[in-house]
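Student: Handing you this structure, nothing more for now.
There are 2 protein chains.
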Amino acid sequence: MESIGTAAPPAAGEGGNRSREDVVRAASRLFARRGYHGTSMRDLGEELGMLGSSIYSHVSGKNELLIEIVGRGAALFDSVTAEAAASRDSAVERLRQMVHGHVNVVVGNIDEARTFLFESRFLPETDRRQIVAMRDEYEQAYRETIRAGIDEGSLASDLDPGMTAIFILSVLNALIRWYRPTGERTAGAIASEMWAFVSHGILAERVNG
Amino acid sequence: MESIGTAAPPAAGEGGNRSREDVVRAASRLFARRGYHGTSMRDLGEELGMLGSSIYSHVSGKNELLIEIVGRGAALFDSVTAEAAASRDSAVERLRQMVHGHVNVVVGNIDEARTFLFESRFLPETDRRQIVAMRDEYEQAYRETIRAGIDEGSLASDLDPGMTAIFILSVLNALIRWYRPTGERTAGAIASEMWAFVSHGILAERVNG
DNA sequence: CCTACCGATCGGTAGG
DNA sequence: CCTACCGATCGGTAGG
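Chains as they are written, first to last, in the numbering used here: chain A, 5 to 213; chain B, 5 to 213.
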């Protein structure tokens, strides 16, 4: 399991000059909270203790910030499926690891994850298409692992891999809506509960074999 | 089961004067596609074949449109849990009906549902709080039905009603992300597949009793 | 990173 | 529903 999360923010008080990284991080925070179109360069400047126009000494424009943040989010999620694909565990175990990895990414990088999921549609067309393609690959990794699980006999033979992948990712992606860092559950606990739900369902006993 | 969906749009061509209802419907479409902050009154006017300033003869402002659309979405979802609560069926059957009802609302009112789910955060503070409260009640209806299902013995006794409610709603709400009217599945087929996933999970056989 | 701006666009109004 | 317009704010630039 790779390390997740970002270093603590560098004393976001008054004065002091900010790095490009500070700018990107502040933009993640604001885009996640107010949306891309709901955040102005002046808002961002205020968050950083500088004028909106000063941000242009760090980045070429607002677009660049969105592109970079969404790209980071995509890379984080990508690394989860890449790691699982490299494993020699059973398909069902790989799927369980993917669930845990996804939860870890969200919990450790809420702002990037939220911007990735909610603001990608505002990317310039070329970048948007790239992200859509990445997202399709991510979903495909789930589809393939589910198919492998059916083949190895650990997953129910009547599953539709495409729909099942969507449903599992639905549970995973929604975490971004309800997760609060102040909550009592650890990432591991959340992932375990999700996996229990996904694997057993909610009925007291199975209706069919 | 109540009737869902809205009447066909009234010949959205050139000329002709539009009703307030036309304005609200066009706003639903644009807010759903471009977001609230990504839609200008001039964009909306263009969609309606009039100037942005002319819209103010139908509504008091952009805010009013968002409030109305989100309110409609909330009312639609509310009616689903209200109907289920009034039923004398078993808890597990009521839960199944709630899943079907939710899918019907989304499929029949995509734009309102999408605006409700993605743009509520841009409401004026007072309205936003009302919607958050409504959403809490909706979630609570799921929690209570799940608890009743555990009590009647149809749902697994080790379920956490709060988490389970969130997980089920995650699958339901995500529909708004992947549903396309051009897809081959009917609302009923989608709801059935969701219910199968939620009730049985994905494993070939249960691990515990 | 600031001063001093730019043209464009924003939500909205007065008056018809 | 249009004409004509308002002040505010937008993303961004020149020059230091």
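Even for Gly, the Cβ is constructed at its ideal location relative to N, Cα and C.
On the CB-based measure, 16 or more other CB atoms within 10 Å of its CB, does residue 115 of chain B come out buried or exposed?
Tutor: Classification of residue 115 of chain B: buried, given that the 10 Å Cβ count is 16 or more.
Student: Which one of B:129, B:142, B:175, B:144 has the shortest CA to CA distance from residue 202 of chain B?
Tutor: Comparing Cα positions, the closest option is B:175.
Student: Go to residue 146 of chain A, then tell me how far its alpha helix (DSSP H) extends in each direction, as first and last residue.
Tutor: It spans 129-155 - the alpha helix (DSSP H) in which residue 146 of chain A sits, taken as one unbroken run.
Student: Reducing DSSP to helix, strand and coil, say where residue 163 of chain A ends up.
Tutor: Coil.
Student: Checking contacts by CB at 7 Å: is residue 41 of chain B closer than that to chain A?
Tutor: Yes, residue 41 of chain B lies at the interface with chain A (some Cβ there is under 7 Å from its Cβ).
Student: Regarding residue 128 of chain A and the ligand ZN, is the C-beta to nearest heavy atom distance less than 6 Å?
Tutor: No copy of the ligand ZN appears in this structure; indeed no ligand is present at all.
Student: Could you tell me whether the Cβ of residue 204 of chain A comes closer than 7 Å to any Cβ of chain B?
Tutor: Taking Cβ atoms only, chain B reaches closer than 7 Å to residue 204 of chain A, which makes this a yes.
Student: Tell me whether residue 80 of chain A sits in a helix, a strand or coil according to DSSP, three-state version.
Tutor: Note: residue 80 of chain A maps to helix in three-state DSSP.
Student: If you count every other CB in all the chains shown that lies within 10 Å of the CB of residue 108 of chain B, and 16 or more means buried, which is it?
Tutor: Answer is buried; the Cβ neighbour count reaches 16.
Student: Looking at the unbroken alpha helix (DSSP H) that takes in residue 104 of chain B, where does it start and where does it end?
Tutor: Residues 95-112.
Student: How far does the alpha helix (DSSP H) with residue 124 of chain B in it extend, from its first residue to its last?
Tutor: Run containing residue 124 of chain B: none; DSSP gives neither H nor E here.
Student: Identify the residues that DSSP records as bridge partners of residue 207 of chain A: which are they?
Tutor: According to DSSP, which records beta bridges pairwise, residue 207 of chain A is partnered with B:159.
Student: Among A:187, A:23, A:78, which one has its Cα closest to the Cα of residue 133 of chain A?
Tutor: If we check each option's Cα against that of residue 133 of chain A, A:78 comes out closest.
Student: Within the 7 Å Cβ cut-off, does residue 44 of chain A reach chain B?
Tutor: So no, residue 44 of chain A is outside the interface.
Student: Which residues mark the beginning and the end of the alpha helix (DSSP H) in which residue 32 of chain B is found?
Tutor: 24-38 is the extent of the alpha helix (DSSP H) around residue 32 of chain B.
Student: Residue 60 of chain A: buried (16+ other C-beta within 10 angstroms of its C-beta) or exposed?
Tutor: Answer is exposed; the Cβ neighbour count stays below 16.
Student: Kindly give me the distance between the Cβ atoms of residue 55 of chain A and residue 28 of chain A, rounded to whole angstroms, as I take these residues to be in contact under 8 Å.
Tutor: Going by Cβ atoms, the distance from residue 55 of chain A to residue 28 of chain A rounds to 18 Å, so no, they are not a contact pair.
Student: Start and end of the alpha helix (DSSP H) containing residue 45 of chain A?
Tutor: Residue 45 of chain A -> alpha helix (DSSP H) spans 45-52.
Student: Answer yes or no: do residue 178 of chain B and residue 150 of chain B have a C-beta to C-beta separation smaller than 7 Å?
Tutor: Cβ distance not < 7 Å, so residue 178 of chain B and residue 150 of chain B don't count as in contact.
Student: Determine the direct distance from the alpha carbon of residue 30 of chain A to that of residue 50 of chain A, and round the result to whole angstroms.
Tutor: Rounded to whole angstroms, residue 50 of chain A to residue 30 of chain A spans 10 Å at the Cα level.
Student: Kindly indicate which three-state DSSP category residue 196 of chain A falls into: helix, strand or coil?
Tutor: The answer is helix: DSSP assigns residue 196 of chain A an H, G or I state.
Student: Please confirm whether residue 111 of chain A has its beta-carbon closer than 7 Å to some beta-carbon of chain B.
Tutor: No, its Cβ sits nowhere closer than 7 Å to a Cβ of chain B.
Student: Give a yes or no on contact between the region 120-129 of chain A and the region 192-207 of chain A, applying the rule of three or more CB pairs nearer than 8 Å.
Tutor: Output reads no: the region 192-207 of chain A does not touch the region 120-129 of chain A.
Student: Identify the contact partners of residue 161 of chain A in chain B, using a Cβ-Cβ distance below 9 Å as the criterion.
Tutor: Residues of chain B passing the Cβ test: 208.
Student: Keeping to the same chain, check which residues put their C-beta closer than 7 Å to that of residue 147 of chain B; ignore five residues upstream and five downstream.
Tutor: Within the same chain, residue 147 of chain B has close Cβ partners 165, 166, 169.
Student: Which residues of chain B have a Cβ atom closer than 8 Å to the Cβ of residue 167 of chain A, listed in chain order?
Tutor: Chain B residues near residue 167 of chain A: 197, 201.
Student: Could you name the residues of the region 44-78 of chain A whose beta carbon sits closer than 8 Å to any beta carbon of chain B, in the order they occur along the chain?
Tutor: Within the region 44-78 of chain A, no residue qualifies.
Student: If you draw a straight line from the alpha carbon of residue 95 of chain B to that of residue 172 of chain B, how long is it in whole angstroms?
Tutor: For residue 95 of chain B and residue 172 of chain B, the distance between alpha carbons rounds to 15 Å.
Student: In chain B, which residues lie less than 8 Å from residue 187 of chain A when you measure between Cβ atoms?
Tutor: Chain B residues near residue 187 of chain A: none, gap ~11 Å exceeds 8 Å.
Student: Residue 157 of chain A touches chain B at which residues, Cβ-Cβ below 9 Å?
Tutor: Chain B residues near residue 157 of chain A: 208.
Student: With distances taken from CA atoms, which of A:195, A:53, A:40 is nearest residue 3 of chain A?
Tutor: What the structure shows of chain A is the stretch from 5 to 213, and residue 3 of chain A is not part of that stretch, so it cannot be assessed.
Student: If you count every other CB in all the chains shown that lies within 10 Å of the CB of residue 36 of chain A, and 16 or more means buried, which is it?
Tutor: Residue 36 of chain A comes out buried.
Student: Have a look at residue 160 of chain B and residue 154 of chain B and give me their C-alpha separation to the nearest angstrom.
Tutor: Rounded to the nearest angstrom, the two C-alpha atoms are 6 Å apart.
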